[in-house]
Amino acid sequence: MGLFKSVNQLGAWGHFKILGPIIIYASVLSVFPLGSSLWFLDGERFTSGPLTGGGVMASHTFLSLLLFYLYSFHLLRPIYCSFGSNGFETTSVPKEEEFSEELLLKPLPDYKVLAHFHFTSISPPSSSNGKHHHLFPKSIAQLVKKYKIRELELSFTQGRWNYDRWGASDPLSTANGKPPGVELWALFDIPTKEEIDATWRNLTHSLSGLFCASINFLESSTSYSAPLWGFLPNNGDLRYGALPREAVCTENLTPWLKLLPCRDKAGIASLLDRPSIYRGHYHSQRLKLRSDGLNGIVIEQTLSVVLQPIDRTSWSMHQLFKKSLTGKCALAKSSKVFLEIERSLVSQNENILELVGEADMVTNDQRDHSTIYQYNVERYSEHEALDIRVNWKKLLQVSFLQAPLHASRFLMGSGNERGSIAISLQSARNSTKGLYDNSKNCFTRVVILQVVPWYVKVYYHTLRIYVDGAIRDAKDVVEKINVTPSEDKVSPGTLEMMLQFPCGMMSAALILDFDKGFLHIDEYPPDANQGFDIPSALVSFPDFISRRIYPDSISSPLLQSYKGRNIVKSYTEVLLVPLTTPDFSMPYNVITFTCTVLALYFGSMVNVLRRRVSEEERLAKSKDKRKPGLIPLLISKISNKVRGIKEDSANQSQSSEPILGPKVVFKVVLIALIAVLGHYFFNSS
Amino acid sequence: MADETSAAAGTSTETGAGTESNLRTTKPGTKRLFLTVSVLISFLVGAPFLLKSTEIHRSPLPSAAISSLSDHLHSNPPSFPCHFQAIFLSPFKPSDSSLSLSVAERIRAQLSAQSCGNCNFTVSVTVDSGSSCRHEGDAASAACLWECGGGGLVDAIEGRDDQGIDELLLSAVNERTGGCAGRVYSVFVMEGRDERVVIGKHRHAWMVLKDLDDSTSVGSMIGTVFGDYFMRGGVEKGEYIPVGSDGNVVLSFSLLNSNPSDWIYDWDFQRTGEVLLAPVLEALAPVANITMESQVLYHAPKSSISYWDEKLEAYVVNTRDLPFFVNSNEWHLDTSLSASGRSKVLQFVVYVPSASECPLYIRTPEGEISKTNAFISPMWGGVAIWNPHGCSMQSQGIHLVRDVLPPQELEKIIEIFIGQLRILFGLNSNYVEPSPTFKFLASEKGFTNWELDLLYRQHTCFNLLSSLSTLQSLSTLVESLPRMIVMDEIGKQVELSLEAANLAERNISLGINNASALSSIRARALAEDAFFHPSIMSISYSSMEHYFAIYMPFFAPVSLHVLLAAVKEVKRYFAERSKYLAFRASKLKSS
């Protein structure tokens, strides 16, 4: 390992292009000793499969290892599949285009309120997809048709989901906790890699036009990656990109609302009062679509906002949104408002919370994690607006269901040369054993997806894993790893890692060293000194499924999506890496300095060449005889003045020339002429 | 060399002794003069190299060729060769050429009125009645002449309706004009009791006249048919044709429900609309590649104000308010994503008013209600208002109506849209007969063959002119900004576009219609590609100020030194030489 580190330090970073794969190859070799690991190297991407059977000799058991490797993949398959189809569990295919609107309100333990708007549009499969539409947005159907999209998710987020307090393992937070800025991923129905890349580029441009955002920055190959299993298991047809710094505001919301048949003119969306919803602590606007031949196109548009009521102990819908819900959107098939109360909020004291307003239906989910109060918007009108009011009788501190490990990420090191990225995983304090799918094998599996821009040059071989403070050999912990090293100005580095931690572990940390690269002067953004953002890493727990099953009597696409096998996952913080920024006026400074030096040199050389030393000396001598030099004259004058001796006026008048002599006039005219000519020349050119 | 200069310096200092006495005994040395002047000269010689090396890359644009072609086209608009033939199926006495002359004169009168899509026409007159067969005038080629023997047509026409006659004459034309059948416009003239002029769906018309003796009036009548209709389509001025530069048009049909809480209307556009519009799209295929799509939008009120009219018992919108009818804030009609590249999107909107403004009508300036209740906006599309039946009686907001636009109503609306499409393409929606004897046969395809010819001609001509105007503005732009980078790609596109334009112009005069249309489309597309090339944006990075900021710090001080040294040396040389000359003169005098 030390050897390869020294290789890195010796070689300039430009060599990493060549050395990179070798280094990683070698470094992972050192991580997994030859005897117990197996290699598949295709291009720059490699996959390694760990083997649990220790003591197997390397060379002569290659074939059996290969078989085992493949078999291990086969074993893992069912779990992979469970990654996929999260959310969409619609079984019956409607014949006509459908639209439904829902709002879910959920009091959070820190007296904030989560408002989750959920709009679903369904377009059945038909030959005229993208041509004739009644409810379904034409632009989306055309997008799907043109770019052959199977699945797509676009999210605009401001703020960060507080996994500690607002919950991390319930379906709502799993599906709606999104990294700050813009995140876009898409699965394409296109065979070749080149075509997918080209389609992705076109798609980013179309979306950036549709949503009035700079999604087109995801066009360049340095900004998106193609994770194979870290995000969603796929066959290389997934593209993932994130823009952590994109600001989200009404100009993104308006085009998003345009996709709804009623926009914000009627129905639940009419609650979206811009000042109220942008005042929130967290704001995430999502568009998720899935298209296939069987179900047609399904779009889920969700907007989650976490609002702080003015009065902590009592709030109502009208207070939160400054608007009242007077009726449903006339086009909606169903229009419902839900209030979800987590069991942990009420379990300690039944009377902690008081609801004002009569619900149409009250149900608990199968495992009794929460209670849902359902309100049908149809029942309400302008005379009687729907206004749910919640009163807290007692203040208390609880927290919602946590993920098994709390993930956070930070930077280490100082200076502009190198640093380290650390991902820290802290075991959640309250036990989450109830979430275990199989409790027999007590290992917690964690999948980490980390995409790093190329100018943060991560040395993947420096990966160090600490479990409970003690360094652990990577082969004991890493179950599967896939590294795509970054290529300067071509592609970002992607790290996909499946780790296996013992259940009793309290904390773990992963540390990766990196060097900071240099960008070309044109590549710096206007605010280069602010630093560069590294997109959030995604930490998911494939063994933990967040699902809530409600009785079938509630027909709601939102609660339906709760039934899906959503894997518990959380996004880490965005990192801000300060890079060395050049002085952007430097080129001009260099030019002017060198030019001045050169000009001085040149001028003095010319003067030296044409100088006549003896003649000048003679002239100087003869001048000395006639009258004193300028400086002695000045000195004598000043000294005279200091002494207070006045020179005689006759002498003064003789020495001073008339101010407006013909020479002066001529000079002024000459300068004016030059100025006029110069002005004319520049203007005419 | 070093020795020599030092020696020279030595001599000059020695000779310099003469300065005191305004006389010098030796010739002044030229070494320093030579040195300083050669430095100056080398700078001057180097200047062009510097300028050349710091030159901005500008691909040369053939601006002279562009302006000459555009001048040529403006002074002499492209005219397409057409052949008009008049066929007399009844005996026609006057044998002199006065008839064809008066026909030609009538057509020529129309030529000046229009600039684009004109005909470079030839007229021939054939008398084909029974035994006599006479040709007169100039035909494009012998093959295009009407082959005599159509005498039986007069009898065959008897008793048929107009549609039948049209078909009969079509087959006769196809049979008897041989290879020119698709390119010849014919008028059949016959004698009869009730006078009438019928213009058919294809490329022919027929007229029944009482009196064939007056050749001037007959000629002017034939000339009207040829000039006003076959050549010009009865349009005053050729409008721009709304076709994208890549030849694509997207027709986007939208049904707008003003207020869905009153009533919601849906339509079955896919079934009704596509069937009705398919033949129109097929007919327009040579001019443009048309696709269509439809959507239904809700909560889309109009933005102009309507008034309650007591007399009409309806809400009315005045024509002067129509420019504000289209509500771009609320009507999210969307440019189509499927419209690739630079295709044109034409919006056709059916507006269903809300209960508070129903029924809604458009009032013409004369105070009448518009018959179609629709209007167009050139190059944008058309709007038709459709009032739900009995909407005025409907009590408001009690129950929600979800209904489908009746198919027969949709058919009517689509007929209006076809008319609007005709206007948008620069034709009349329907012809106003100049006299009761005139009649036009309407094609079920929406466009008759001769109208399509006209569109084809206009489209080619328009493409050609617009490509040249684009090229010309590009070359003006490039000339006005001397520090603008012009990529080779742009230069190449401009050249290719100009080439295509030249080719189109040549093909037009030769009468090769397909090739001319293709190359004119190509010329326009290339010209626009060049004009909208992204590299044109890079202009701001190589301004004149930038150039000076880089080179001034070196050249300003250096040139000061070099110039001053040269000036001083030259001055000194002449001063010293005059002293030497004075010395020589005094020496001569003294000797």
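Protein sequence lines, in the order shown, are assigned to chains A and B. At position 423 of the first sequence the residue is numbered 423 (full-length UniProt numbering), and the sequence of numbers has no breaks. At position 165 of the second sequence the residue is numbered 165 (full-length UniProt numbering), and the sequence of numbers has no breaks. Heads up, the beta-carbon is just placed ideally off N, CA and C, and yes, glycines get one too. Fair warning: this is a prediction, and the values are worked out from it, not measured in the lab.
Exercise for review: Just tell me which of B:73, B:519, B:245 has its CA closest to the CA of residue 528 of chain B.
Suggested key: In the second sequence, counting from the first residue as 1, residue 528 of chain B sits at position 528. Comparing Cα positions, the closest option is B:245.
Point to revise | Expected contact under 8 angstroms - CB spacing of residue 124 of chain B and residue 137 of chain B to nearest Å | key: What you label residue 124 of chain B is simply residue 124 of the second sequence in a count that begins at 1. What you label residue 137 of chain B is simply residue 137 of the second sequence in a count that begins at 1. Between residue 137 of chain B and residue 124 of chain B the Cβ distance is about 4 angstroms, and since that is below 8 angstroms, they are a contact.
Exercise for review: Could you name the residues of the same chain whose beta carbon sits closer than 7 angstroms to that of residue 74 of chain A, not counting the 5 residues immediately before and after it, in chain order?
Suggested key: As a first step, residue 74 of chain A must be located in the first sequence, where it is residue number 74. Note that residue 74 of chain A scores a pLDDT of 42, beneath 50, so its modelled location is shaky; the value from the coordinates is reported in the next line. Excluding residues within five positions, none has a Cβ falling inside 7 angstroms.
Exercise for review: Report yes or no: do the stretch 277-293 of chain A and the stretch 230-243 of chain A share at least 3 C-beta pairs separated by less than 8 angstroms?
Suggested key: no
Exercise for review: Return the CA-CA distance between residue 507 of chain A and residue 428 of chain A, expressed in angstroms with no decimal places.
Suggested key: On the first sequence, residue 507 of chain A is found 507 positions in, with the first residue counted as 1. On the first sequence, residue 428 of chain A is found 428 positions in, with the first residue counted as 1. Cα-Cα distance, rounded: 9 angstroms.
Exercise for review: Identify, in the order they occur along the chain, each residue of the same chain with its Cβ nearer than 6 angstroms to the Cβ of residue 676 of chain B, setting aside the five sequence neighbours on each side.
Suggested key: Nothing about residue 676 of chain B can be reported from this structure: the residues present for chain B run from 1 to 591 only.
Practice item. Name the residue from B:46, B:109, B:192 whose alpha carbon lies nearest to the alpha carbon of residue 91 of chain B. Key: Counted from its first residue, the second sequence places residue 91 of chain B at position 91. Nearest option by C-alpha distance: B:192.
Check your understanding: Is residue 272 of chain A buried or exposed, if buried means 16 or more other CB atoms sit within 10 Å of its CB?
Key -> Sequence index remark: in the first sequence, residue 272 of chain A carries index 272 (1-based). That one is buried.
Exercise for review: Leaving out five residues on either side along the sequence, give the residues of the same chain with a beta carbon under 6 angstroms from the beta carbon of residue 373 of chain A.
Suggested key: Translated into the one-based positions of the first sequence, residue 373 of chain A becomes position 373. Same-chain partners within the cutoff: 339, 359, 362.
Practice item. Give the single residue among B:321, B:516, B:514, B:535 whose Cα lies nearest to the Cα of residue 486 of chain B. Key: Locating residue 486 of chain B in the second sequence gives position 486, where the first residue counts as 1. Per the Cα distances, B:535.
Exercise for review: Verify the CB distance criterion: does residue 420 of chain B have a CB-CB separation below 8 angstroms to chain A?
Suggested key: Along the second sequence, one-based indexing puts residue 420 of chain B at 420. No, residue 420 of chain B does not count as interfacial toward chain A.
**Study point:** As assigned by DSSP and simplified to three states, the class of residue 353 of chain A
**Key:** Mapped onto the first sequence, residue 353 of chain A falls at position 353. Strand at residue 353 of chain A.
**Study point:** Where residue 428 of chain A sits in the DSSP three-state scheme
**Key:** Position 428 of the first sequence holds residue 428 of chain A. Looking at residue 428 of chain A - three-state DSSP - the assignment turns out to be coil, as it is neither helix nor strand.
Exercise for review: May I have a chain-ordered list of the beta strand (DSSP E) segments no shorter than 3 residues that lie completely inside the stretch 343-379 of chain B?
Suggested key: 344-352, 360-363, 374-377
**Study point:** Neighbour-count burial assignment, residue 529 of chain A, 16 or more Cβ in a 10 Å radius
**Key:** Along the first sequence, one-based indexing puts residue 529 of chain A at 529. Residue 529 of chain A should be labelled exposed.
Check your understanding: Would you say residue 455 of chain A and residue 495 of chain A are within 8 angstroms of each other, going by their C-beta atoms?
Key -> Walking along the first sequence from the start, residue 455 of chain A turns up at place 455. Walking along the first sequence from the start, residue 495 of chain A turns up at place 495. Taking 8 angstroms as the Cβ cut-off, residue 455 of chain A and residue 495 of chain A do not qualify as a contacting pair.
Practice item. Name, going along the chain, the residues of the stretch 266-288 of chain B whose beta-carbon falls closer than 7 angstroms to a beta-carbon of chain A. Key: Going along the stretch 266-288 of chain B in chain order, one finds 266, 269, 270 with a Cβ nearer than 7 angstroms to chain A.
Review point. With a cut-off of 8 angstroms, does the C-beta of residue 550 of chain B fall near any C-beta of chain A?
Key: Taking the second sequence and counting its residues from 1, one reaches residue 550 of chain B at position 550. So yes, residue 550 of chain B belongs to the interface.
Review point. Are there three or more Cβ pairs, one per stretch, closer than 8 angstroms when the stretch 300-316 of chain A is compared with the stretch 269-284 of chain A?
Key: Yes, since at least three Cβ pairs between the stretch 300-316 of chain A and the stretch 269-284 of chain A fall closer than 8 angstroms, the two stretches touch.
Exercise for review: Consider the Cβ of residue 132 of chain A: report whether some Cβ of chain B lies at a distance smaller than 8 angstroms.
Suggested key: On the first sequence, position 132 is the one that residue 132 of chain A refers to. Taking 8 angstroms as the threshold, the shortest C-beta distance from residue 132 of chain A to chain B falls below it.
**Study point:** Any chain B beta carbon closer than 8 angstroms to residue 666 of chain A
**Key:** Your numbering for residue 666 of chain A matches position 666 in the first sequence. No, its Cβ sits nowhere closer than 8 angstroms to a Cβ of chain B.
Check your understanding: In chain order, what residues of the stretch 22-43 of chain B put their CB closer than 8 angstroms to some CB of chain A?
Key -> 32, 35, 36, 39
Check your understanding: Comparing the C-beta of residue 554 of chain B with each C-beta of chain A, is any distance below 8 angstroms?
Key -> Here residue 554 of chain B is taken as the residue at index 554 of the second sequence, counted from 1. For residue 554 of chain B, the answer is yes, since a Cβ of chain A falls inside 8 angstroms of its Cβ.
Practice item. Closer than 7 angstroms by beta-carbon distance: list the chain A residues that pair up with residue 173 of chain B, in chain order. Key: By one-based count along the second sequence, residue 173 of chain B stands at place 173. Residues of chain A passing the Cβ test: none, with the nearest at roughly 39 angstroms.
Review point. If you measure from the beta carbon of residue 61 of chain B to each beta carbon in chain A, is any gap under 8 angstroms?
Key: Stepping through the second sequence from its first residue, residue 61 of chain B is reached at position 61. With 8 angstroms as the cut-off, residue 61 of chain B does not count as an interface residue toward chain A.
Practice item. Give a yes or no on whether 8 angstroms exceeds the smallest Cβ distance from residue 565 of chain B to chain A. Key: Locating residue 565 of chain B in the second sequence gives position 565, counting from the first residue. Judged by the 8 angstroms Cβ criterion, residue 565 of chain B is in contact with chain A.
Practice item. List the residues that DSSP assigns as beta-bridge partners of residue 399 of chain A. Key: As a working mapping, residue 399 of chain A is identified with position 399 in the first sequence. For residue 399 of chain A, which the question treats as bridged, DSSP gives no partner whatsoever.
**Study point:** DSSP-derived helix/strand/coil call for residue 72 of chain B
**Key:** Within the second sequence, the letter at position 72 stands for residue 72 of chain B. Residue 72 of chain B carries a helical assignment under DSSP once its states are collapsed to helix, strand and coil.
Exercise for review: Verify the CB distance criterion: does residue 578 of chain B have a CB-CB separation below 8 angstroms to chain A?
Suggested key: Position 578 of the second sequence, counted from the start, is the residue given in the question as residue 578 of chain B. No, residue 578 of chain B does not count as interfacial toward chain A.
**Study point:** Outcome for residue 316 of chain B when other beta-carbon atoms lying within 10 angstroms are tallied against a minimum of 16
**Key:** In the second sequence, the residue the question calls residue 316 of chain B occupies position 316. It counts as buried.
Check your understanding: How many angstroms separate the CA atom of residue 251 of chain B from the CA atom of residue 386 of chain B?
Key -> In the second sequence, counting from the first residue as 1, residue 251 of chain B sits at position 251. In the second sequence, counting from the first residue as 1, residue 386 of chain B sits at position 386. Per the coordinates, the alpha-carbon of residue 251 of chain B lies some 19 angstroms from the alpha-carbon of residue 386 of chain B.
Check your understanding: Going along chain B, which residues have a C-beta under 8 angstroms from residue 607 of chain A?
Key -> For the purposes of this step, residue 607 of chain A is taken as residue 607 along the first sequence, with counting starting at 1. Within 8 angstroms Cβ-Cβ: 561, 565.
Review point. Alpha carbon to alpha carbon, what distance is there between residue 61 of chain B and residue 467 of chain B?
Key: Counting from one through the second sequence, the residue named residue 467 of chain B turns up at place 467. Counting from one through the second sequence, the residue named residue 61 of chain B turns up at place 61. For residue 467 of chain B and residue 61 of chain B, the distance between alpha carbons rounds to 15 angstroms.
Exercise for review: Please list the partners that residue 569 of chain B has in chain A, where partner means a Cβ-to-Cβ separation under 9 angstroms.
Suggested key: Numbered from its first residue, the second sequence carries residue 569 of chain B at position 569. Ordered by position in chain A, the residues that pass the 9 angstroms Cβ test against residue 569 of chain B are 610.
Check your understanding: Where does residue 522 of chain A sit, in a helix, a strand or coil, going by DSSP?
Key -> On the first sequence, residue 522 of chain A is found 522 positions in, with the first residue counted as 1. Three-state result, residue 522 of chain A: helix.
Check your understanding: Skipping 5 residues on each side, what residues in its chain have a beta carbon closer than 6 angstroms to that of residue 103 of chain B?
Key -> Working through the second sequence from its first residue, we reach residue 103 of chain B at position 103. So the list reads 123, 219, 222, 223, once near-sequence residues are dropped.
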